[in-house]
Amino acid sequence: MINEIHRVLRPDGQAIIMVYNTYSWLLALSKIMKVELEHEDAPVIRTYSIKEFKQMLRPFASVKIVPERFPVPSRLHHGLKATLYNKLFVGLFNSLPRAWVRPLGWHLMAFATKS
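If you read the sequence shown in our numbering, its first letter stands for residue 89, the second for the next number, and so on.
Right, dumping it as structure tokens:
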């Protein structure tokens, strides 16, 4: 699919592509807390590391990858797990230096430019 995006993009055009991060806080927390992710019932869900994503985007002249989607309080879940998440985890995560947690975003956003 990346090759097709590159092929149809005009010269100097920019593609914005998002994949899920293998090493994200959300994936780790869902496994620890035994809570399913919102789209786990999708027929295909793949995750990629930043290194794998960069490798996929080799056809592009320049690539900037920005991890996104950091913890915010949840209104979706209730009970003890939700309370622990909302009161403890979100606050603790957001108190850490951004440089430490930036690579752990659930979404990896790529801004890729064709030469």
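Note that the Cβ used here is the ideal one computed from N, Cα and C, for glycine as well.
Among the options, nearest to residue i - alpha-carbon criterion
i	options	result
Pro161	Lys169, Pro147, Glu92	Lys169
Pro185	Leu164, Phe158, Ala198	Phe158
With 16 other Cβ atoms within 10 Å as the buried cut-off, status of residue i
i	result
Asn91	exposed
Ala130	exposed
Leu192	buried
Pro99	exposed
Leu196	buried
Three-state secondary structure (DSSP) of residue i
i	result
Leu180	helix
Ser118	helix
His166	coil
| query | Does the stretch 187-203 come within contact of the stretch 131-148, defined as at least 3 CB pairs closer than 8 Å? | reply | yes
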